[in-house]
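Undergrad: Using the numbering used here, the letters of the sequence shown map in sequence onto residues 7 to 145.
The beta-carbon is built from N, C-alpha and C at its ideal position, and this holds for glycine as well.
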Amino acid sequence: MAHSESITFEQVFQPYLHLRLAAFENLKIVVGVLAALEKHYSAFEIELNPQLFISQAKDKSSSSAEGKSPLNLKPYYIVETEFGNIVCGRTNGYEEAIKLIATDAEPIDLSSGKSVNVPILSLQQISFMCVETSHFDHC
Numbered sequence: 007m008a009h010s011e012s013i014t015f016e017q018v019f020q021p022y023l024h025l026r027l028a029a030f031e032n033l034k035i036v037v038g039v040l041a042a043l044e045k046h047y048s049a050f051e052i053e054l055n056p057q058l059f060i061s062q063a064k065d066k067s068s069s070s071a072e073g074k075s076p077l078n079l080k081p082y083y084i085v086e087t088e089f090g091n092i093v094c095g096r097t098n099g100y101e102e103a104i105k106l107i108a109t110d111a112e113p114i115d116l117s118s119g120k121s122v123n124v125p126i127l128s129l130q131q132i133s134f135m136c137v138e139t140s141h142f143d144h145c
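(1) Looking at E112: is its Cβ nearer than 8 Å to the Cβ of L58?
(2) At the level of alpha carbons, what is the spacing between I132 and I114?
(3) Look at T97 and E51 and say whether their C-beta atoms are less than 8 Å apart.
(4) Give me the Cα-Cα distance between Q17 and V85, rounded to the nearest whole angstrom.
(5) Nearest to L43 by alpha carbon, out of T14, G99, G95, E102?
(6) If you follow the beta strand (DSSP E) that N32 is part of, which residue opens it and which one closes it?
(7) Taking the continuous beta strand (DSSP E) assigned at V85, which residues delimit it?
(8) Would you mind working out which of F134, C136, L129, V137 sits nearest A41, comparing C-alpha positions?
(9) Among N91, I104, S48, whose alpha-carbon lies nearest the alpha-carbon of A28?
(10) If you reduce the DSSP assignment to three classes, tell me which class S12 lands in.
Set out below in structure tokens:
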């Protein structure tokens, strides 16, 4: 009788992966979807080096020491979940994607992050928010 079905990040968030919204809107989507599924999560604002999850194809100077410089740290919204860490975008970003950090990526120490209190939206509210954003973007 146990629900041992294992669902994946892609299965859960597929309807939202094509969206490019403000990072906080993405955060509300991720938290709302996880809450609807009764999944455990923790939301954080944390300074990260964007090189951690930008495609290596774009970065031809990955061996450069500048990638590790503290000057390159930017604030991001991250959600810790059973799927792994989900990036919702830079805190001031407005055309951000929801992404799962690769499991082979350098681990993120969330202890330095600041916990974020996120309003939990129902799936219907998330749907309305996405429609509103879509309408706004095309006007």
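TA: So, from the data block:
(1) yes
(2) 28 Å
(3) yes
(4) 17 Å
(5) T14
(6) That residue, N32, is in no beta strand (DSSP E); its alpha helix (DSSP H) goes 29 to 42.
(7) 80 to 87
(8) L129
(9) I104
(10) coil
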